[in-house]
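Numbering (full-length UniProt numbering), first residue to last: 1 to 167. Glycine residues also receive a C-beta, built at the ideal position from the N, C-alpha and C atoms.
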């Protein structure tokens, strides 16, 4: 509800009544008019009705202001609730994203641990190289030994063939 409309509805009748009573009391057209207006304004019946009207106006104004205040309060409450709900939904969305990222990170860490367990360390690699060199060296020594034996066997065969041809 528009506050200016509220002011006009509540305050205008009060201002007009006061203005009418002041204008009749302040204007002096004749002494008889003044005395009747003064008498009318001072009569007990009139003052009781003015008090009742003022009380009713006060209660009506208070009720209207209370209703407008309640409406504004509900409007603010709805806005705050809507904003809070949107914030909670955004928080849930962010939480889901963080959980997904955490799961991805855990999967990558598990893969990394598995690869670390399967991979060879530099120390183990150097040890394997040393063993390979040792095996190659022993293989070369065995090759030289076998070549020497083969050469000896060839010499023995050649010698036997020569002796067999002579006989």
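Alpha carbon to alpha carbon, what distance is there between residue j and residue i?
| i | j | result |
| --- | --- | --- |
| residue 149 | residue 164 | 22 Å |
| residue 126 | residue 154 | 42 Å |
| residue 134 | residue 156 | 33 Å |
| residue 100 | residue 94 | 10 Å |
| residue 118 | residue 159 | 59 Å |
| residue 63 | residue 87 | 35 Å |
| residue 97 | residue 89 | 12 Å |
| residue 139 | residue 106 | 48 Å |
| residue 59 | residue 81 | 32 Å |
| residue 142 | residue 109 | 48 Å |
| residue 67 | residue 75 | 12 Å |
| residue 166 | residue 152 | 21 Å |
| residue 136 | residue 162 | 38 Å |
Taking only three categories from DSSP, how would you classify residue i?
| i | result |
| --- | --- |
| residue 83 | helix |
| residue 120 | coil |
| residue 65 | helix |
Please tell me whether residue i and residue j are closer than 9 Å, where the distance is taken between their beta carbons.
| i | j | result |
| --- | --- | --- |
| residue 128 | residue 120 | yes |
Just to check, is the beta-carbon of residue i closer than 8 Å to a non-hydrogen atom of the ligand SAM?
| i | result |
| --- | --- |
| residue 60 | Summarising the ligand content, the structure contains no ligands, and the ligand SAM is consequently not present. |
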